[in-house]
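Structure first, commentary second.
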């Protein structure tokens, strides 16, 4: 079971309650929540917020692919995952991403959650523009997308 | 023929609108479109090396949300997207 979305934070909220409701399953004995939030510094600059930009269609496709890859790589049975990522301006302390997973055993949820966030950073077309205390803003460097022939 | 390129991430700073329109030869590949875009940037933002670096390090995707390689031929008017280096989470 899988749910994923890009949430325009000007219109909607990412909530842990929604994630918890989704991942509840009697087939699973372990669940884990990963919450990414905006921190107050990066590269010695005081950060006040981050604007997240995304190619929504590709992001949803990428999340689906990551879920499928994870099941295969980690050999998961009856996995459940909920992934929502913010789009738009997120202030200091705000939630940028929630990854909630449930599996049969505890060791699987740690691996599953870690796999998803690491692959999002490598594969998913999302960009960050940091806003600083002095009112400057800057797009952050990212990872070049792999192009297959 | 004309194609549209939707801008994302750092490439959004290339123009006020989020979509650029380029005129290209029929059957131009992505490599050619990249060169066309670099020439457009040289006119619009002369001396901005950073913008050229973004284009050189970006991928492109088509209307089916597929990342396309440099040999991919564009043979009809369509919208492509530029995908600069990514970094969510």
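Chains as they are written, first to last, in our numbering: chain A, -6 to 142; chain B, 70 to 158.
Every residue gets a Cβ at the ideal spot worked out from N, C-alpha and C, and that includes glycine.
Residues that residue i contacts on chain B, provided the C-beta gap is smaller than 7 Å
i            : result
residue 62/A : Neighbours of residue 62/A on chain B: none; closest Cβ ~16 Å, over 7 Å.
Residue i to residue j span [Cα, whole Å]
i             : j             : result
residue 135/B : residue 94/A  : 27 Å
residue 73/A  : residue 32/A  : 28 Å
residue 2/A   : residue 41/A  : 16 Å
residue 75/A  : residue 9/A   : 10 Å
residue 40/B  : residue 121/B : Since the first residue of chain B shown is 70 and the last is 158, residue 40/B is not available in this structure.
residue 55/A  : residue 43/A  : 22 Å
residue 132/B : residue 149/B : 6 Å
residue 91/B  : residue 98/A  : 53 Å
residue 105/A : residue 17/A  : 16 Å
residue 114/B : residue 58/A  : 37 Å
residue 36/A  : residue 19/A  : 44 Å
residue 64/A  : residue 101/A : 10 Å
residue 45/B  : residue 108/A : No answer is possible for residue 45/B: it lies beyond the span of chain B, which begins at 70 and ends at 158.
residue 25/A  : residue 133/A : 29 Å
residue 101/B : residue 85/B  : 24 Å
residue 84/A  : residue 39/A  : 12 Å
residue 82/A  : residue 116/B : 30 Å
residue 115/A : residue 136/A : 7 Å
residue 97/B  : residue 118/B : 24 Å
residue 126/B : residue 86/A  : 31 Å
residue 103/A : residue 147/B : 43 Å
residue 141/B : residue 103/B : 12 Å
residue 68/A  : residue 23/A  : 16 Å
residue 27/A  : residue 62/A  : 19 Å
residue 5/A   : residue 74/B  : 28 Å
Sub-8 Å separation of residue i and residue j beta-carbons
i             : j             : result
residue 47/A  : residue 119/A : yes
residue 72/B  : residue 143/B : yes
residue 117/A : residue 137/B : no
residue 158/B : residue 29/A  : yes
residue 77/A  : residue 7/A   : yes
residue -5/A  : residue 60/A  : yes
residue 53/A  : residue 0/A   : no
residue -3/A  : residue 96/A  : no
Sheet register partners of residue i (DSSP bridge)
i             : result
residue 96/A  : 23/A
residue -5/A  : 74/A
residue 47/A  : 119/A
residue 132/B : Beta-bridge pairing links residue 132/B to no other residue.
residue 142/B : 98/B
Chain A residues whose Cβ lies nearer than 8 Å to that of residue i
i             : result
residue 154/B : 134, 135, 136, 137 and 138
residue 103/B : Per Cβ cutoff of 8 Å: no residues; residue 103/B is ~12 Å from chain A at best.
Assumed close pair residue i, residue j - CB separation to whole angstroms, cut-off 8 Å
i             : j             : result
residue 125/A : residue 89/A  : No, residue 125/A and residue 89/A are not in contact; Cβ-Cβ is about 17 Å, not under 8 Å.
residue 77/B  : residue 152/B : 6 Å
residue 95/B  : residue 70/B  : 6 Å
residue 128/B : residue 138/A : 4 Å
residue 130/A : residue 122/A : 6 Å
residue 12/A  : residue 91/A  : 5 Å
residue 83/B  : residue 110/B : 7 Å
Interface partners of residue i on chain A, CB under 7 Å
i             : result
residue 136/B : 138 and 140
residue 128/B : 138 and 140
residue 84/B  : Those do not exist, as residue 84/B stays about 15 Å from chain A at its closest Cβ, beyond 7 Å.
Amino acids of chain B, ordered along the chain, whose beta-carbon sits closer than 9 Å to that of residue i
i             : result
residue 78/A  : 157 and 158
residue 45/A  : 157
residue 119/A : 78, 155, 156, 157 and 158
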